[in-house]
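Just so it is clear: in the sequence shown, position 201 is 202 by my numbering, and no numbers are missing. What follows is one structure encoded as structure tokens, with my remarks underneath.
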Amino acid sequence: MEPLMIDTQEGIRTITINRPERMNAINDDISLQIEQAFADASADDDVRVVVITGKGRAFCSGLDLSEMSDAFGSRHEQLDELGWVGRQALSIVHCDKPVIAAVNGIAAGAGLSLALACDMRFMSDQTRVTTGYVRRGLSPDAGMSYFLPRLIGQAKAAQMIFTGRDIYPDEAERTGLVNEVFPDEAFHDRVMDISREITAGPPIALTFSKRLLTADADAELSALLKQEYAYIKRCFATKDVEEGIQAFLEKRKPNFQGE
């Protein structure tokens, strides 16, 4: 089964993360495919707008922690300053087409960061999102510390990141975390309606508009992505991460010791 499904209809390129059995958790291979999918969409004149979503009950549950034990083991990975989720975030920002995150299900950690990197976010009324990182003993990555404060303000972003609590549709819409919440039964149709509205616009003007909206992101975002990656690598070396993951598997509250 392919981890990504890619479809184009009426100028709308839909990228679907296709790992429902893993709640659409991502690893380095999938992230690389997502990065390439956005590069391809950006270069394709037949594509007017890109929608990214998830198969099944999740949008994206974040990093696949079951595959992270040796994530920074090779010399190349140890010397990497940006990381694959950092490059993934940049690929969305640099995509010359408007990008919509169709948050059909749970978005957690790097999965929420993936949605935050998009130009617009629409959310089903039957799901929730969470920054999630602190629950596992981790600091944010994939651009969350850049995008979230710019969307909802520094104080609200701090509360969401420091607590890692679940955010439900009403709060997500009220704070500006998402553009709009749609009833689950009409979710796909509503997202497609908005996508078609965008595809009816002038493609050259849309590209220039996207570039203007993201013009100030390059240097600052790249620097922050490098800092995020350096910090999360240090977090992965701690006992707190071991405890956070074990507590998750055992369905209990973690007991962090700062080690």
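C-beta: ideal position from N, C-alpha, C; glycine also.
* Asked: D285: which of G55, G12, V192, I53 sits nearest, CA to CA?
  -> Summary: the structure shown does not reach residue 285, with the chain confined to residues 2 through 260, and so no result is reported for it.
* Grab me the residues of E3's own chain with a C-beta within less than 8 Å of its C-beta, minus the 5 sequence neighbours each way, in chain order. => For this step, residue 3 is matched to residue 2 along the sequence shown. Beyond the five residues adjoining it in sequence on each side, E3 comes within less than 8 Å, by CB distance, of N19 in the same chain, given in chain order.
* Counterpart residues of L139 in DSSP-defined beta bridges -> The count along the sequence shown starts at 1 and reaches residue 139 at position 138. BP columns for L139 are empty, so no partner.
* Asked: Using DSSP with H/G/I as helix, E/B as strand and the rest coil, what is F60?
  -> Stepping through the sequence shown from its first residue, residue 60 is reached at position 59. In the three-state reduction of the DSSP assignment, F60 falls in the strand class.
* To do: May I have the straight-line CA-CA distance separating R76 from S146, to the nearest angstrom?
  => The residue given as residue 76 occupies position 75 in the sequence shown. The residue given as residue 146 occupies position 145 in the sequence shown. Caution is warranted here: a pLDDT of 49 is assigned to R76, below 50, making its placement in the model unreliable, and the coordinate value is therefore given only provisionally. Rounded to whole angstroms, R76 to S146 spans 27 Å at the Cα level.
* Asked: Who are M124's beta bridge partners in DSSP?
  -> Position 123 of the sequence shown, counted from the first residue, corresponds to residue 124. Among the bridge pairs identified by DSSP, M124 is matched with V104, V182.
* Residues near L214 in its chain [Cβ-Cβ closer than 6 Å; skip 5 each side] -> As a position in the sequence shown, residue 214 is number 213, starting the count at 1. For L214, where only same-chain residues beyond five positions count, there are no Cβ hits under 6 Å.
* Asked: In three-state terms, what does DSSP make of D8?
  -> The residue you call residue 8 lines up with position 7 of the sequence shown. Secondary structure at D8: strand, using DSSP grouped into helix, strand and coil.
* Check each candidate in K227, L117, A109 and name the one with the smallest Cα separation from D65. => Indexing the sequence shown from 1 puts residue 65 at position 64. Measuring C-alpha to C-alpha distances from D65 to each of K227, L117, A109 identifies A109 as the nearest.
* Start and end residues, beta strand (DSSP E) containing R14 -> Taking the first residue of the sequence shown as 1, we reach residue 14 at position 13. It spans 13 to 18 - the beta strand (DSSP E) in which R14 sits, taken as one unbroken run.
* Which residues bound the beta strand (DSSP E) around I53? -> Residue 53 sits at position 52 when you count from the first residue of the sequence shown. The continuous beta strand (DSSP E) containing I53 extends over residues 50 to 55.
* To do: Give me whichever residues DSSP pairs with D167 in a beta bridge.
  => Walking along the sequence shown from the start, residue 167 turns up at place 166. In the DSSP assignment, D167 forms a beta bridge with T131.
* Can you give the Cα-Cα distance for R129 and T176, rounded to whole angstroms? -> Your numbering for residue 129 matches position 128 in the sequence shown. Your numbering for residue 176 matches position 175 in the sequence shown. Note on geometry: alpha-carbon atoms of R129 and T176 lie some 14 Å from one another.
* Any chance the segment 105 to 121 sits against the segment 21 to 31, with 3 or more Cβ pairs inside 8 Å? -> Judged by Cβ distances under 8 Å, the segment 105 to 121 makes contact with the segment 21 to 31, as three or more pairs qualify.
* Asked: To the nearest whole angstrom, what separates the beta carbons of L149 and M161, a pair I think is in contact under 8 Å?
  -> Here residue 149 is taken as the residue at index 148 of the sequence shown, counted from 1. Here residue 161 is taken as the residue at index 160 of the sequence shown, counted from 1. About 7 Å separates the beta carbons of L149 and M161, which is inside the 8 Å limit, making them a contact pair.
* Asked: Helix, strand or coil: which one does DSSP assign to A238?
  -> Within the sequence shown, numbered from 1, the residue matching residue 238 stands at position 237. Judged by DSSP in its simplified three-state form, A238 adopts coil rather than helix or strand.
* To do: Please determine, among I16, L178, W85, H189, the residue with the shortest C-alpha to C-alpha distance to A1.
  => Residue numbering for the chain in the displayed model covers 2 to 260; residue 1 lies beyond these limits and cannot be assessed.
* Decide if the segment 82 to 101 is in contact with the segment 218 to 227; the criterion is three or more beta carbon pairs, one per stretch, under 8 Å apart. => The segment 82 to 101 and the segment 218 to 227 touch, with no fewer than 3 CB-CB distances between them shorter than 8 Å.
* Would you identify the three-state DSSP class for A201, choosing helix, strand or coil? => Position 200 of the sequence shown holds residue 201. A201 carries a coil assignment under DSSP once its states are collapsed to helix, strand and coil.
* Apply the 10 Å Cβ neighbour rule to G245 and answer buried if 16 or more other Cβ atoms are within range, or exposed otherwise. => The count along the sequence shown starts at 1 and reaches residue 245 at position 244. So G245 counts as buried.
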